[in-house]
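A.B. asks: Take this structure first; my questions come after.
Dropping the structure here:
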């Protein structure tokens, strides 16, 4: 189920902010929660508070907010991440998967 996927994702991820300030697990969970819910305003608020979404990254798998939005099939949020935050659509996680791979898996391509 989506809740189980979110729990596994959140529990397995350790985030790092490329700037000096670290992103805490609780802060990351709030961003993931807004993405899972499709809450565009909440996602923008959380990202703007923490920094650029490219700086919010899973250190184990190298997934960023765009990967996560694609995993959950959140097309509106993907558009925001691409247009407003200019995340690269060809960014790769540690296993070589781009957000497009996740979008295709979710059936959104």
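Numbering (our numbering), first residue to last: 2 to 110.
Where is the CB? At the ideal position from N, CA and C, for every residue including glycine.
These numbers were taken from a predicted model, which means no experiment stands behind them.
The alpha helix (DSSP H) with residue 100 in it runs from where to where?
C.D. replies: Here residue 100 refers to the residue found at position 99 when the chain shown is read from its first residue. That run of the alpha helix (DSSP H) goes 100-106.
A.B. asks: Less than 8 Å between the CB atoms is what I'm expecting for residue 32 and residue 57, so what's the real figure, rounded?
C.D. replies: Against the chain shown, residue 32 aligns to sequence position 31. Against the chain shown, residue 57 aligns to sequence position 56. Indeed, because the Cβ distance is near 6 Å, the residues count as touching under 8 Å.
A.B. asks: For residue 75, count neighbouring C-beta atoms within 10 Å of its own C-beta (all shown protein chains included) and say buried if the count is 16 or more, exposed if not.
C.D. replies: Numbered from 1 along the chain shown, position 74 holds the residue referred to as residue 75. Residue 75 comes out buried.
A.B. asks: Please determine, among 62, 104, 46 and 70, the residue with the shortest C-alpha to C-alpha distance to residue 37.
C.D. replies: Taking the chain shown and counting its residues from 1, one reaches residue 37 at position 36. Cα-wise, what sits closest to residue 37 is 70.
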